[in-house]
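Reading the sequence shown from the start, the letters are residues 5 to 327 in our numbering.
Each residue gets a CB set at the ideal place from its N, CA and C atoms; glycine is no exception.
Taking it in order: structure first as structure tokens, then the write-up.
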Amino acid sequence: MSEFDIVTRGLTKVFGHFTAVDNLNLEVEVGELFGLLGPNGAGKTTTVRMLCTLIEPTRGQAKVAGYDVATEPAKVRRNIGVVSDGVLLYKDLTVEENLKLLAKLYGLPKAKAEDRMRELFELFKFNEKAKRQVKALSSGWFKKSMIVAALIHTPKVLFLDEVTSGLDPQTAIALREFTRKLCDQGVTVVWTTHIMEEPEKICDRVGIIYEGRLIQIGRPSDLTRGISELSVIEVETPNLQSDLIDKIKTYNDVSKVTYEDPILRISCLRGGDISEEIVKLLINSGARVRSVRPVEPTLEEAFVSLTGGEEEIDRFLEMSSKR
Numbered sequence: 005m006s007e008f009d010i011v012t013r014g015l016t017k018v019f020g021h022f023t024a025v026d027n028l029n030l031e032v033e034v035g036e037l038f039g040l041l042g043p044n045g046a047g048k049t050t051t052v053r054m055l056c057t058l059i060e061p062t063r064g065q066a067k068v069a070g071y072d073v074a075t076e077p078a079k080v081r082r083n084i085g086v087v088s089d090g091v092l093l094y095k096d097l098t099v100e101e102n103l104k105l106l107a108k109l110y111g112l113p114k115a116k117a118e119d120r121m122r123e124l125f126e127l128f129k130f131n132e133k134a135k136r137q138v139k140a141l142s143s144g145w146f147k148k149s150m151i152v153a154a155l156i157h158t159p160k161v162l163f164l165d166e167v168t169s170g171l172d173p174q175t176a177i178a179l180r181e182f183t184r185k186l187c188d189q190g191v192t193v194v195w196t197t198h199i200m201e202e203p204e205k206i207c208d209r210v211g212i213i214y215e216g217r218l219i220q221i222g223r224p225s226d227l228t229r230g231i232s233e234l235s236v237i238e239v240e241t242p243n244l245q246s247d248l249i250d251k252i253k254t255y256n257d258v259s260k261v262t263y264e265d266p267i268l269r270i271s272c273l274r275g276g277d278i279s280e281e282i283v284k285l286l287i288n289s290g291a292r293v294r295s296v297r298p299v300e301p302t303l304e305e306a307f308v309s310l311t312g313g314e315e316e317i318d319r320f321l322e323m324s325s326k327r
């Protein structure tokens with residue numbers, strides 16, 4: 005029987021006449037790496053803030069690490085770590101001083117706190133940067149400082165909100181690998197992001213929130229493979245002219261077209277087989293067609309299908325880039 009670190013039942017948050025989160029039912033298993041995906045305004049951040057006890061639900065219930073967020077918020081906070089733009093460090097203190105202060109607030113014995121700091125500093129290769137004031141750090145090192153601060157008390161549940169934003173590629177990869185190891189050790193992680201490729205790479209399951217509702221949940225591969233309304237083909241055709249690409253975009257059933265020479269990728273919302281029609285158009289127009297093959301949709305293409313069209317993914321990416 006599965007054990008759950010996060011359980012919500014009818015979780016709802018209303019601001020005035022606006023329902024930000026609507027009747028959310030969710031279960032996240034112990035040690036699971038769970039991704040929350042959705043544009044700004046969809047309810048993703050509001051959900052995380054309720055689970056972290058930063059705001060109270062309007063109605064419904066939620067338990068995190070076995071404790072009720074409404075009636076046992078202090079116990080929830082002792083068992084979670086949060087990396088978010090809304091959780092800041094004292095900038096005039098050094099990283100080490102911040103961690104010592106947090107360890108004291110969490111009631112960690114001095115020897116245990118020092119061992120934990122040493123472990124985290126070695127893991128993230130802080131070296132002399134642990135002695136620097138937070139305000140003197142680059143954005144990447146500031147993000148690392150927030151991460152080690154969230155881990156100082158060895159939380160059961162870790163919330164990572166846009167955690168790779170501002171990190172160099174090598175550090176982002178290392179963080180994903182480290183997060184995976186945390187889950188293998190039994191830590192439950194909720195990973196929110198606007199970068200759609202990330203959940204596909206690391207998450208056990210993904211939940212897609214749209215207009216306040218959890219519209220789909222499952223393993224990334226199941227979400228993309230299980231959408232019968234969506235089919236995707238890749239055509240290898242070098243040096244394709246832009247006017248042909250524009251013409252393909254006008255087809256009624258086509259939801260998205262991308263071209264990275266020599267691969268033309270076409271997704272169709274209704275699941276129709278348009279490969280024969282596309283190939284005929286390309287050949288009749290003088291294009292060279294080397295191969296045509298069906299492929300599994302990406303999580304981005306699944307989002308398009310689930311939310312009703314490419315204009316939604318464009319809005320998603322545009323709004324997320326302004327964070």
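Original post:
How is the beta strand (DSSP E) around residue 12 delimited, first residue to last?
Top reply: As a first step, residue 12 must be located in the sequence shown, where it is residue number 8. Looking at the DSSP string, the run of the beta strand (DSSP E) that includes residue 12 is 8-19.
Subject >> Reduced DSSP secondary structure (H/G/I, E/B, other) of residue 271 >> reply: For the purposes of this step, residue 271 is taken as the residue at position 267 of the sequence shown. It is a strand residue.
Subject >> Presumed contact (8 Å Cβ cut-off) between residue 66 and residue 55, rounded CB distance >> reply: Translated into positions along the sequence shown, residue 66 becomes position 62. Translated into positions along the sequence shown, residue 55 becomes position 51. Correct: roughly 6 Å between the Cβ atoms.
Original post:
Where do the ends of the alpha helix (DSSP H) carrying residue 115 lie?
Top reply: The residue labelled residue 115 in the question sits at position 111 within the sequence shown. Its alpha helix (DSSP H) spans residues 114-127.
Original post:
Between the region 66-79 and the region 233-242, do three or more beta carbon pairs fall short of 8 Å?
Top reply: no
Subject >> Proximity to residue 212 [Cα-Cα], best of 153, 39, 116 >> reply: As a first step, residue 212 is located in the sequence shown; it is residue number 208 there, counting from the start. The shortest Cα separation from residue 212 among 153, 39, 116 belongs to 39.
**OP:** Report the three-state DSSP secondary structure of residue 83 (helix, strand or coil).
**Re:** Counting from 1 along the sequence shown, the entry for residue 83 is found at position 79. Three-state DSSP puts residue 83 in coil, outside helix and strand.
Original post:
For residue 134, which residues of its own chain have a beta-carbon under 6 Å away from its beta-carbon, when the five flanking residues on both sides are left out?
Top reply: Locating residue 134 in the sequence shown gives position 130, where the first residue counts as 1. For residue 134, where only same-chain residues beyond five positions count, the Cβ hits under 6 Å are 99, 100, 125.
Original post:
Okay, do the region 184-204 and the region 15-23 touch, 3+ Cβ pairs below 8 Å being the bar?
Top reply: no
Original post:
Just reading off the alpha helix (DSSP H) that residue 143 is part of, what are its end residues?
Top reply: The residue you call residue 143 lines up with position 139 of the sequence shown. Counting along the chain, the alpha helix (DSSP H) containing residue 143 begins and ends at 143-155.
**OP:** Please list, in chain order, all residues of the same chain as residue 250 whose beta carbon is under 6 Å from its beta carbon, the five residues on each side excluded.
**Re:** Residue mapping note: residue 250 aligns to position 246 of the sequence shown, counting from 1. Taken in chain order, the list of residues that qualify is empty.
Subject >> 8 Å CB neighbourhood of residue 287 in its chain, flanking five on each side removed >> reply: Along the sequence shown, one-based indexing puts residue 287 at 283. Correct list, in chain order: 293.
Subject >> Buried or exposed (CB count within 10 angstroms, at least 16 for buried), residue 165 >> reply: Taking the sequence shown and counting its residues from 1, one reaches residue 165 at position 161. The residue in question, residue 165, is buried, as its Cβ has 16 or more Cβ neighbours within 10 Å.
Subject >> Inter-residue spacing [alpha-carbon to alpha-carbon] between residue 75 and residue 306 >> reply: As a working mapping, residue 75 is identified with position 71 in the sequence shown. As a working mapping, residue 306 is identified with position 302 in the sequence shown. Going from the Cα of residue 75 to the Cα of residue 306 covers about 38 Å.
Original post:
Which first and last residues belong to the alpha helix (DSSP H) in which residue 203 is found?
Top reply: As a position in the sequence shown, residue 203 is number 199, starting the count at 1. Its alpha helix (DSSP H) spans residues 201-206.
Subject >> Whole-number beta carbon distance between residue 163 and residue 32, since they are thought to touch under 8 Å >> reply: Position 28 of the sequence shown, counting from 1, holds the residue named residue 32. Position 159 of the sequence shown, counting from 1, holds the residue named residue 163. Going by Cβ atoms, the distance from residue 32 to residue 163 rounds to 11 Å, so no, they are not a contact pair.
Original post:
What's the C-alpha gap between residue 264 and residue 304?
Top reply: As a working note, residue 264 is residue 260 in the sequence shown. As a working note, residue 304 is residue 300 in the sequence shown. Their Cα atoms are separated by approximately 17 Å.
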